[in-house]
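Read through the structure below, which is laid out as structure tokens, and then see the notes.
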Amino acid sequence: MTNTEILILGGKGKTGRRVAEQLQARDVAVRLASRSSEQRFDWYDESTWSGAVAGIDTAYLAPPVGPTGLEQAGRFVKQAATEGLRRLVLLSGRGVGSPGREFAVYDSGLELEQAVQSSGVDWTIVRPAWFMQNFSEDFMYDYVAAGELRVSAGTGSEAWIDTDDIGDVVVATLLDERHTGETYSLSGPALLTMADIAAELSTVLDRPISYVDLDPEEHVAELVQFGLPQEDAESVRDLFAVIRNHRSEYLSDGVEQVLGRAPRNFGDWLRTTAAAGVWA
Numbered sequence: 042m043t044n045t046e047i048l049i050l051g052g053k054g055k056t057g058r059r060v061a062e063q064l065q066a067r068d069v070a071v072r073l074a075s076r077s078s079e080q081r082f083d084w085y086d087e088s089t090w091s092g093a094v095a096g097i098d099t100a101y102l103a104p105p106v107g108p109t110g111l112e113q114a115g116r117f118v119k120q121a122a123t124e125g126l127r128r129l130v131l132l133s134g135r136g137v138g139s140p141g142r143e144f145a146v147y148d149s150g151l152e153l154e155q156a157v158q159s160s161g162v163d164w165t166i167v168r169p170a171w172f173m174q175n176f177s178e179d180f181m182y183d184y185v186a187a188g189e190l191r192v193s194a195g196t197g198s199e200a201w202i203d204t205d206d207i208g209d210v211v212v213a214t215l216l217d218e219r220h221t222g223e224t225y226s227l228s229g230p231a232l233l234t235m236a237d238i239a240a241e242l243s244t245v246l247d248r249p250i251s252y253v254d255l256d257p258e259e260h261v262a263e264l265v266q267f268g269l270p271q272e273d274a275e276s277v278r279d280l281f282a283v284i285r286n287h288r289s290e291y292l293s294d295g296v297e298q299v300l301g302r303a304p305r306n307f308g309d310w311l312r313t314t315a316a317a318g319v320w321a
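The numbering used here puts the first residue of the sequence shown at 42, with every later residue one more than the last.
Have a look at this one:
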């Protein structure tokens, strides 16, 4: 276990925020680094990197979206390793590095994993499925509010995971060096299609929520119209293509491996989140 601050890159994101809160609850010092934090950090401004990592030996890295961002994250890891970083837990994605998964969206993620593994630091890689919180804290929140889940997932299923479970796993791997050199794939306990999710949302929220299956290029156009950069919109399309092409229809046991318990199911998460007034 480290005796210095743990650097959280992506500390305001869905996983980073939870990791920081859990570490602070255990009286572990953390350093949050982002464009708006006291310790400024910008993936695309390399002059901010050394200050963020100064005096740090352990870090959690949740990389930016898209090939360019992932490439920058790889460059950061290599530099940080030369400046004293000793241990790193990387948030990757389920399916990265899996044989037969030929979608280009995985290429940059695999390159980042390889950059971490070859950097000389002690590493652990966490590969989660899609987040349940995408419906409550991210772009799909607006879809729920509007009553239409407008994405290009087809009829494919995904093993959605609660980001609280991801946070628990990341904290465990940060604080216990027995996880060094391990790669953990994480998922929830069940496969759900977007139609299944729309039906569960409709029941729990007591109002109609429908699933609109967009053509993939129509999906990109809508995301760009909403303000997402073209490269990021195409990355989102490609991630949904994995679901659309039924390549994500399997369960992973990483939560059980690390924590010794089952992951939370979607229905329980949905009822708790709705009771908290998130979609009120």
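Ideal placement from N, C-alpha and C gives every residue a C-beta, glycine not left out.
Values in this document were obtained by computation on a predicted structure and should not be read as measured data.
Quiz prompt | Buried or exposed (CB count within 10 angstroms, at least 16 for buried), proline 169 | solution = For the purposes of this step, residue 169 is taken as residue 128 along the sequence shown, with counting starting at 1. Proline 169 is buried by the Cβ-count criterion.
Quiz prompt | According to DSSP, residues forming a beta bridge with proline 169 | solution = Mapped onto the sequence shown, residue 169 falls at position 128. According to DSSP, proline 169 bridges with Leu227.
Quiz item: Can you tell which of Tyr182, Leu232, Leu215 has the C-alpha that lies nearest to the C-alpha of isoleucine 202?
Solution: Start at 1 with the first residue of the sequence shown, and residue 202 comes out as number 161. Answer by Cα proximity: Leu232.
Quiz item: Three-state secondary structure (DSSP) at serine 251?
Solution: Along the sequence shown, one-based indexing puts residue 251 at 210. Strand.
Exercise. Would you mind giving the Cβ-Cβ distance between glutamate 152 and leucine 111, rounded to the nearest angstrom? I have them listed as a contact below 8 Å.
Key: Walking along the sequence shown from the start, residue 152 turns up at place 111. Walking along the sequence shown from the start, residue 111 turns up at place 70. The pair is a contact, with the Cβ atoms about 7 Å apart (cut-off 8 Å).
Practice problem: Classify leucine 64 as helix, strand or coil using the three-state DSSP reduction. | Solution: Here the question's residue 64 lines up with position 23 in the sequence shown. It is helical.
Practice problem: Taking all protein chains shown into account, decide if leucine 292 is buried (16 or more other Cβ within 10 angstroms of its Cβ) or exposed. | Solution: The count along the sequence shown starts at 1 and reaches residue 292 at position 251. Exposed is the call here.
Quiz prompt | DSSP three-state assignment for tryptophan 164, whether helix, strand or coil | solution = By 1-based counting over the sequence shown, the position of residue 164 is 123. Strand at tryptophan 164.
Self-check item: Expected contact under 8 Å - CB spacing of alanine 93 and leucine 132 to nearest Å
Solution: Position 52 of the sequence shown, counting from 1, holds the residue named residue 93. Position 91 of the sequence shown, counting from 1, holds the residue named residue 132. With 8 Å as the limit, alanine 93 and leucine 132 do not qualify as a contact, their Cβ atoms being about 17 Å apart.
Exercise. Starting from the Cα of glutamate 218, find the closest Cα among Arg191, Gly308, Ala100 and give me that residue.
Key: Taking the sequence shown and counting its residues from 1, the one referred to as residue 218 is at position 177. When each option's Cα is compared against that of glutamate 218, the closest is Ala100.
Quiz item: With 16 as the cutoff for other CB atoms within 10 Å, does aspartate 68 come out buried or exposed?
Solution: What you label residue 68 is simply residue 27 of the sequence shown in a count that begins at 1. Classification for aspartate 68: exposed.
Quiz prompt | Chain-order list of residues whose beta-carbon lies under 7 Å from that of leucine 215 (same chain, five-residue window excluded) | solution = Sequence index remark: in the sequence shown, residue 215 carries index 174 (1-based). Ile47, Thr99, Tyr101, Val130.
Quiz item: In terms of residue numbering, what span does the alpha helix (DSSP H) encompassing isoleucine 207 cover?
Solution: Position 166 of the sequence shown, counted from the first residue, corresponds to residue 207. 204–216 is the span of the alpha helix (DSSP H), which, as asked, contains isoleucine 207.
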